[in-house]
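Okay, so the sequence shown: first residue is 811 according to the numbering used here, each after it adds one. Virtual Cβ for every residue (Gly too), placed ideally from N, Cα, C. Computed from a prediction, not measured in an experiment: that's the story for all the values here. Single-structure report; data block below.
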Amino acid sequence: MWIEIFKSKIHRVKVTQAELHYVGSITIDEALMEAANLIEGEKVQIVNVNNGERLETYVIRGERNSGVICLNGPAARKVQVGDVIIIIAYALMDFEEAKTFKPTLVFPDENNRLP
Numbered sequence: 811m812w813i814e815i816f817k818s819k820i821h822r823v824k825v826t827q828a829e830l831h832y833v834g835s836i837t838i839d840e841a842l843m844e845a846a847n848l849i850e851g852e853k854v855q856i857v858n859v860n861n862g863e864r865l866e867t868y869v870i871r872g873e874r875n876s877g878v879i880c881l882n883g884p885a886a887r888k889v890q891v892g893d894v895i896i897i898i899a900y901a902l903m904d905f906e907e908a909k910t911f912k913p914t915l916v917f918p919d920e921n922n923r924l925p
C-alpha cells in the first residue's frame, strides 16, 4: 500500500512578491529549495498564516540567497506582500517506509534566509 506523507516544509517565510500576470507557480530562493529538499516543478501546498488561504502550485527556482518568495499567476490573489506562509511538500511512499521516514524542516530567519 502507498500513502501520501509529509516530506518537507519551509516554515514561516515572508512573501516578497506577488505577480498576477505570470504563469502560475511559486518562486522560491534556490538555497531554501535545496535546504528543504524541493526541486523545480515539484507540487507544493501553500498555507497563508495571515488569512488562512491554502492552495497548491508548483515550484520555480529563484535566485540563490535572494530571499525571494513570489506567488505567481492566480495564486498572487491569495497573498499580500509581507504575508507569512508555510510551504509544504508531500511524497508517496510505501506504508512501511513511511513509518520511519523523517521529513526535512527548514526554519528561515525574518529575511527568508538560512540561519
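- Residue A886 holds the alpha-carbon nearest to the alpha-carbon of I856 among E920, A886 and D919.
- In the DSSP assignment, K819 forms a beta bridge with I898 and L915.
- The secondary-structure analysis by DSSP pairs R864 across a beta bridge with V857.
- Approximately 14 Å separates the beta-carbon atoms of N875 and T837; this is outside 8 Å, ruling out the contact.
- G877 has its alpha-carbon roughly 12 Å from the corresponding atom of R871.
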